[in-house]
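Start counting the sequence shown at 103; every next residue gets the next number (my numbering). Heads up, the beta-carbon is just placed ideally off N, CA and C, and yes, glycines get one too.
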Amino acid sequence: MDDGIQIETDLKSEWKTNMSVKYLYSNSVFKGILKPSSVWSIRSMSSGEDIKTHTGQKFEANDYRLVRFVDKKKLVNTNIAMDLISKVPPKDCEERVVWCDGGGGPRGHPKVYINLDKPGNHTCGYCGLRFKKSDCH
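As structure tokens, then:
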């Protein structure tokens, strides 16, 4: 068995039997799995609930991967792009066909043409901006 896999397996079993990171670190050093210089920031488990990200990543309370957030807060951006773009009102247009380039320049996207013949909002597939045809005949 490869040493890397053995170390990971030992760490998983230690993590599941005792949630204390101090215990995990001291036992791993004592058993020769880790050298004292190889792990420098494992001290104690950070308090608080695991925050769910916009991709749905959330760890169980006994997951050994939570060790990366020891003594640190998990940084999660609460400004999810889908929520922000939904707050922008649809743009009223008089033309039957409009184009969207996401603002142009390096921050934009390829120019796409959107047909507004059907009633309702029409969304740009790249940036999510909405367009609708105003009823002015």
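Residue i versus residue j: straight-line alpha-carbon distance, rounded
i           : j           : result
residue 145 : residue 163 : Note that residue 145 scores 34 on pLDDT, short of 50, meaning its location in the model is unreliable and no value can be drawn from it.
residue 224 : residue 210 : 18 angstroms
residue 234 : residue 191 : 10 angstroms
residue 196 : residue 155 : 40 angstroms
residue 204 : residue 212 : 8 angstroms
residue 181 : residue 207 : 23 angstroms
residue 158 : residue 185 : 15 angstroms
residue 189 : residue 183 : 10 angstroms
Other residues of its chain near residue i: CB distance less than 7 angstroms, five sequence neighbours each side excluded
i           : result
residue 214 : 201, 202, 226, 227 and 228
residue 153 : 176 and 178
residue 194 : 234 and 236
Proximal residues to residue i (C-beta, below 6 angstroms), its chain only, five neighbours per side dropped
i           : result
residue 199 : 215 and 217
residue 168 : 161
Other residues of its chain near residue i: CB distance less than 8 angstroms, five sequence neighbours each side excluded
i           : result
residue 187 : 229, 230 and 231
residue 219 : 198 and 235
residue 222 : 234
Residues bridged to residue i [DSSP beta-bridge criterion]
i           : result
residue 233 : 193 and 224
residue 169 : The partner list for residue 169 (beta bridge, DSSP) is empty, contrary to what the question assumes.
residue 216 : 200
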